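Novice: Here it is: the structure, laid out below.
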Amino acid sequence: MQWRRNALLAGLVAAATAVIGLTAALPSSAQNPKERNTGARELGNPDYGVCRGTDERCYHDWGNFDPAKGYRVLLYTRTAGPRHANLGPALGTGLNPTLSAANVVQNGIIALGQKNGFAVDWTEDVAQLASPGQLFRYNAVIFYSTSRDTLDDAAQTSLRQYVRGGGGFVGVHNAFGTEYNWPWYEGLLGGANYYDHGPNQSGTVRTVDRRDVSTAGLPPTWQFKDEWYNLVPYPSRVRILATVDEQSLVQGATGSMGHPGHGDEHPVAWCQYYDGGRAWLTTLGHDALDFSDGSAFPGAPQFQQMLTGGIRSAMGAAPFCR
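So the sequence shown is residues -30 to -1, 1 to 292, counted in mature numbering (1 follows the signal peptide of the UniProt record, and there is no 0).
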């Protein structure tokens, strides 16, 4: 009878271990039923049918990029729906059209490149993304507050082949409100999508992982003002780099469409390998003052430092997602 008791005990231990492993992958508000009102629960862990996560074996080093030629990124800001004010007026066709002072994001990324050793081309012309050959000229492609169906079929195919060939992708702010009905793109964002947001307000950002290039040197906490996107689904199989402390949001994290926020685990920046490429993501980046010197907008220098590190690592100019 002793062997039966031992077998039963072993089974109970195995079951408990399995439950612990399952809950560890979920937001804290999903782990404790008593916390069900403090954050959204069970927001999914979709499988996109590609190699993704933090395992660098998911990356395809197929010789498409030569560091000896320097580093260059393509900034894409085309909107097919709501347009954030910090993008300024819509741009003309072609590559590197004329910018005005109101095109704050474009000017800001160009300035970051000049300070940090990478060249920047910018466009809102989807024809500039029409073939993988066009994109392979760039070490990373940045989608900054694009919106809705901003890519046509040729550009979708091109972006997928570029990423599969080892390309880098950086998604900022409303890149999460883009291409909603394309599952591959949702996976590129870390298995996450914009659902809604609460009031634009100041909050405390927690630097969760200070080992990564994008967050190394940042303080453990820093103040920032944003819309604090709520996400459905919730990022999965990624390295979370920074979160927002929802208790620091005076008006709360409840969004315009009823999302209650994410409780103790509300991510605002993360990274992953995806389908052969690198993807660095942040939901921050709403305000034009994000690219200021920080004197009137606390947290702007930290945001710029984090974004610069994310771009450099996605390009392959620095260690990625480590």
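C-beta atoms are modelled at their ideal positions from N, C-alpha and C, and glycine is treated no differently. Predicted model only: the values in this text are computed from it and were never measured.
If you follow the beta strand (DSSP E) that P237 is part of, which residue opens it and which one closes it?
Specialist: Taken as a continuous stretch (DSSP letters only), the beta strand (DSSP E) holding P237 covers 237 to 244.
Novice: With a 10 Å radius around its C-beta and 16 neighbouring C-beta atoms as the bar for buried, classify V142 as buried or exposed.
Specialist: Looking at its Cβ environment, which holds 16 or more other Cβ atoms inside 10 Å, V142 is buried.
Novice: Mark R107 as exposed unless 16 or more other C-beta atoms lie within 10 angstroms of its C-beta, in which case mark it buried.
Specialist: By the neighbour-count rule (16 or more Cβ atoms within 10 Å), R107 is not buried but exposed.
Novice: Would L105 be called buried (16 or more neighbouring beta carbons within 10 Å of its own) or exposed?
Specialist: Per the 10 Å Cβ criterion, buried.
Novice: According to DSSP, which residues form a beta bridge with N200?
Specialist: D166, per the DSSP bridge assignment.
Novice: For F290 and G160, I'd like the C-alpha separation in whole angstroms.
Specialist: Each residue's Cα considered, the two are about 15 angstroms apart.
Novice: For the putative contact between H256 and D215, defined by C-beta atoms under 8 angstroms, what is the C-beta separation to the nearest angstrom?
Specialist: With 8 angstroms as the limit, H256 and D215 do not qualify as a contact, their Cβ atoms being about 18 angstroms apart.
Novice: Suppose contacts are defined by Cβ-Cβ distances below 8 angstroms. Is V96 in contact with I79 by that definition?
Specialist: Result no, Cβ atoms of V96 and I79 do not sit closer than 8 angstroms.
Novice: So for Y132, helix, strand or coil by DSSP?
Specialist: Three-state DSSP puts Y132 in a helix.
Novice: A168 and A223: beta carbons closer than 8 angstroms?
Specialist: Looking at the sequence itself, residue 168 is Gly, so the reference to Ala does not match. Going by C-beta atoms, G168 is nearer than 8 angstroms to A223.
Novice: In the DSSP assignment, find the unbroken beta strand (DSSP E) run with G138 in it and report its ends.
Specialist: Element bounds for G138: 138 to 142.
Novice: For W192, write down the residues that DSSP places opposite it in a beta bridge.
Specialist: Paired residues: V175.
Novice: Would you list the residues sitting across from V220 in a DSSP beta bridge?
Specialist: The partner list for V220 (beta bridge, DSSP) is empty, contrary to what the question assumes.
Novice: I believe V183 touches A288 by the beta-carbon criterion, under 8 angstroms. Please report the beta-carbon distance rounded to the nearest angstrom.
Specialist: Their Cβ separation, rounded to whole angstroms, is 4 angstroms, which keeps V183 and A288 in contact under 8 angstroms.
Novice: By alpha-carbon positions, which one of Y150, G14, A266, L129 ends up nearest to A110?
Specialist: Among Y150, G14, A266, L129, the Cα nearest to that of A110 is on L129.
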